[in-house]
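Asker: Per the numbering used here, the very first residue in the sequence shown carries number 217; after that it's consecutive.
For glycine and all other residues, C-beta sits at the position ideal for the given N, C-alpha and C.
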Amino acid sequence: MQRRQFITLVGGTVIAWPLSARAQRPVMPVVALLQGDFDVSIPEPDATHRVTAFHQGMKETGYVDGQNVAIEYPAPYRSAEGQTNSLPLVMADLLRRQVAVIVGDTPAALAAKAATTTVPIVFVTGWDPVRDGLVTSLSRPGGNLTGISFFTAELGAKQLGLLRELRPGIARIAVLADPKFPTTERFVSEIRAAASAIGQQIELLHVSTGQELENAFTTLVPRGAGAVHTGPGTFMHSQAERIVALSAQHKIPAIYIWREAVDAGGLMSYAPSIPDAYRQAGIYVGRILKGEKPGDLPVMLPTKFELAINLKTAKALGLEIPPTLLARADEVIE
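This is the structure in structure tokens:
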């Protein structure tokens, strides 16, 4: 064999090996992380914290994005009006592409459940997954769903109690609620029950537009409200900085159900750790990819609640935080 022919043969063999190996290499499983209220392509702190925590959870089970798993982030599916009409189309596309696991909030998980009984679904929800119809049991979910719930019936009562501790003898607490958000009716029912249980009068104010939010704060003091409880929902979350500014403008303290509001200048928050919920979701996805069945994994509930207080905001509002409240705070911003 001539030298040139030998080199050509060896060269062809060398080129053929990677192609053959590539053809035999298993395709990485695809995990779809859906959220209706944020876009991971936008460097929003809350979104970044959730996604980072989710990656950390998967890493704890041996999965790293781009190495042995591909994590995809479909565009936010919820419209500015809170509608979720695009979810069936999103699910159809994910099933067509045969994703390995679908991760989502309550609306996304419900849509996924309606679309498939075989693809594993991991939900992250702030509400009761049994009452919402996601699972039939927390300890044995069954089917193809499991997940993380940071729901607790005592949360509303605890938040109202913190406002009462901050302002002893407060006559009325205003509660902001978005009537367009899917779980608002349940939230209102639970906050009313919590208020009744501790003998606290509340003033419910429905807000779903910027103008309604402005009007609500204009009427808070005339209605006798001495503090504000900010309810859940996409609109509320998107208006966090505006609510903080209005609270400062009208000199009225507010408590929030998400920690990031305190970083933005809000007075106080009391809630489970949302990033930790997404870390746990990442762990569950990793366990499922390794072969465990979603229906055998119990729904995880929050075990730690974090109280954050912004002392700079308290000073601006002319409030002195009781020492007993400060002593229980997990984080104090000075």
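Hey, quick one: how far does the alpha helix (DSSP H) through A411 stretch, first residue to last?
Answerer: Taken as a continuous stretch (DSSP letters only), the alpha helix (DSSP H) holding A411 covers 400-414.
Asker: Starting from A286, trace the beta strand (DSSP E) in both directions and tell me its first and last residue.
Answerer: Run containing A286: 286-288, per the beta strand (DSSP E) assignment.
Asker: When the Cα atoms are used, what is the spatial distance from V548 to L371?
Answerer: Using only the alpha carbons, I get a separation of about 20 angstroms.
Asker: Would you check if there are 3 or more beta carbon pairs closer than 8 angstroms linking the segment 414-427 to the segment 348-361?
Answerer: They do not touch, by the three-pair rule.
Asker: Which term fits Q240, buried or exposed, when burial requires 16 or more other beta carbons within 10 angstroms of its beta carbon?
Answerer: Because Q240 carries a pLDDT of 48, less than 50, the predicted location of this residue cannot be relied on, and the following value inherits that uncertainty. Label assigned to Q240: exposed.
Asker: Would A543 be called buried (16 or more neighbouring beta carbons within 10 Å of its own) or exposed?
Answerer: Result: exposed.
Asker: So, with DSSP's three-state summary, where would you put G372?
Answerer: Three-state result, G372: helix.
Asker: Quick one: Cα of S270 to Cα of G482, how far?
Answerer: Residue 270 is actually Phe in this sequence, not Ser. Spanning the two alpha carbons is a distance of roughly 26 angstroms.
Asker: Please report the Cβ distance between L250 and G320, rounded to the nearest whole angstrom; I am assuming they are in contact, meaning their Cβ atoms lie under 8 angstroms.
Answerer: Right, their Cβ atoms sit about 4 angstroms apart.
Asker: What are the boundary residues of the beta strand (DSSP E) that L527 is part of?
Answerer: No beta strand (DSSP E) holds L527; the alpha helix (DSSP H) holding it covers 527-532.
Asker: Exposed or buried, what is D512 when buried is set at 16 or more other beta-carbons lying within 10 Å of its beta-carbon?
Answerer: With fewer than 16 other Cβ atoms within 10 Å, it is exposed.
Asker: Can you say whether S489 is buried or exposed, counting buried as having 16 or more other CB atoms within 10 angstroms of its CB?
Answerer: The residue is buried, with at least 16 neighbouring Cβ atoms inside 10 Å.
Asker: With distance defined between alpha-carbon atoms, name the residue in G449, E457, L382, F366 nearest to A497.
Answerer: Nearest C-alpha to A497: F366.
Asker: Apart from the five residues just before and just after P395, which ones in its own chain have a Cβ nearer than 7 angstroms to its Cβ?
Answerer: So the list reads H422, S424, once near-sequence residues are dropped.
Asker: Using a Cβ-Cβ cutoff of less than 7 angstroms, which residues in the same chain neighbour P491 once the five nearest sequence positions on both sides are dropped?
Answerer: Excluding sequence neighbours, P491 sits near H265, R266, A269.
Asker: Buried or exposed for S463, going by 16 or more other Cβ atoms inside 10 Å?
Answerer: Result: buried.
Asker: Closest by CA to R439, which one among K506, M484, I468, T333?
Answerer: If we check each option's Cα against that of R439, I468 comes out closest.
Asker: Between which two residues does the beta strand (DSSP E) carrying Q417 extend?
Answerer: Taken as a continuous stretch (DSSP letters only), the beta strand (DSSP E) holding Q417 covers 417-422.
Asker: DSSP on R544, reduced to helix/strand/coil?
Answerer: In the structure shown, R544 sits in a helix (DSSP, three-state: H, G or I).
Asker: Is the beta carbon of G507 closer than 8 angstroms to that of T277?
Answerer: Contact flag unset, no.
Asker: Which residue comes first and which comes last in the beta strand (DSSP E) that contains P304?
Answerer: Careful: P304 lies outside any beta strand (DSSP E), inside the alpha helix (DSSP H) at 303-312.
Asker: DSSP has M445 in a bridge; who is on the other side?
Answerer: The sequence as given places His at residue 445; Met does not occur at that position. V391, I471.
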